[in-house]
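Residue numbers (my numbering): 22 to 325. Let me begin by presenting the structure, written as structure tokens, before commenting on it.
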């Protein structure tokens, strides 16, 4: 009798979840008709204070559909910010947003408010995973593993940055050096992903808007981007705090963290009275420590 009651309760929870997913997907289908209309719709939801996130997370655990709805809706704008990073890889932006929204729902159901970090710090990983899964399943004839899709995304983003810096398309060896990869790995990934995305290509057959219509003004930082960067900075600081003091300072100086500009190995050596080679050794050791899975997991949630 008890097992039947539990089964019925699970069915009710699943039914509530399905209804919410349908509503979120309906918002996404609105995006297919007009992305600008969708962005206007989700902009009505104000960001939540940390205290409210905790209250909602507790209520979600208790089965509150209303709390789940509020937590999801308040964070839909972040999904758009993340989805934009994966444009031009086989799926239209509206589909990426839809998939990211499903990841957001999963994050809302699994968030543990007792861990002490912001909801979006946790949700970013689920949003990215959902988008990457969709890219792996739908964007190519040959199904790619998630790690390969993620690698292609990193290469594409690095290529965009370097193209602006060099005012030309970067070579494979330049991308490899930037990403700490082998040139052959870059070439292989680029060969798999030969997709170009025009700024004036419509989002869908029914929507005349294009990427140029909604692309961000790089001179003005969007509020959701600012919040994501604030959260990223917190995670960077937490990761650096796991290093020894000298390692931490070398990394800060070398990458220009909390400084106006980065220093060379020679300049850092002068600061500490060390040789260039010794500074390089300290830097490499610190980077290896930061790459340790437990330290780097949260940073990868942001960096893709």
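From the three backbone atoms N, C-alpha and C, an ideal C-beta is built for every residue, glycine too.
- In the structure shown, residue 278 adopts coil according to DSSP, grouped into three states.
- Residue state for residue 104 is assigned as helix, using DSSP reduced to three classes.
- The three-state reading of DSSP puts residue 66 in coil, since its state is none of H, G, I, E or B.
- Cα atoms of residue 180 and residue 149: separation of roughly 20 Å, rounded to the nearest angstrom.
- Going by C-alpha positions, residue 174 is about 21 Å away from residue 257.
- For the pair residue 80 and residue 61, the Cα-to-Cα distance works out to about 28 Å.
- With a threshold of 16 other beta carbon atoms within 10 Å, residue 102 meets it and is buried.
- Here the alpha carbon of residue 91 sits roughly 10 Å from the alpha carbon of residue 129.
- In the same chain as residue 296, and ignoring 5 residues on each side of it, the C-beta atoms closer than 8 Å to its own belong to 290, in chain order.
- Pairing residue 293 with residue 310 gives a Cβ-Cβ distance that is not under 9 Å.
- For the options 260, 104, 85 and 71, the alpha carbon positioned closest to that of residue 155 is the one of 104.
- For a cut-off of 8 Å, the C-beta gap from residue 117 to residue 152 is around 5 Å, short enough to register as a contact.
- Here residue 120 is buried: its Cβ has 16 or more other Cβ atoms, across all protein chains shown, within 10 Å.
- Burial state of residue 283 is exposed, judged by a 10 Å Cβ sphere holding fewer than 16 other Cβ atoms.
- Secondary structure of residue 113 (DSSP, three-state): coil.
- Looking at the backbone, the Cα of residue 97 and that of residue 298 are separated by about 47 Å.
- Secondary structure note for residue 304: its alpha helix (DSSP H) is the uninterrupted segment 297-311.
- In this structure, 111 is the residue among 200, 111 and 141 with its C-alpha nearest to the C-alpha of residue 158.
- Contact annotation, residue 70 with residue 95: C-beta distance approximately 10 Å; criterion of less than 8 Å not satisfied.
- Assigned with DSSP and collapsed to three states, residue 258 falls in helix.
- By the Cβ-count criterion, residue 132 is buried, with 16 or more other Cβ atoms from all chains shown falling within 10 Å of its own Cβ.
- Taking a 10 Å sphere around the C-beta of residue 74, we find 16 or more other C-beta atoms and assign the residue as buried.
- Each of 107, 100 and 285 was checked against the Cα of residue 122, and the nearest Cα belongs to 100.
- Note on geometry: alpha-carbon atoms of residue 205 and residue 306 lie some 26 Å from one another.
- Looking at the backbone, the Cα of residue 210 and that of residue 171 are separated by about 10 Å.
- For residue 80, the enclosing alpha helix (DSSP H) stretches over residues 71-82.
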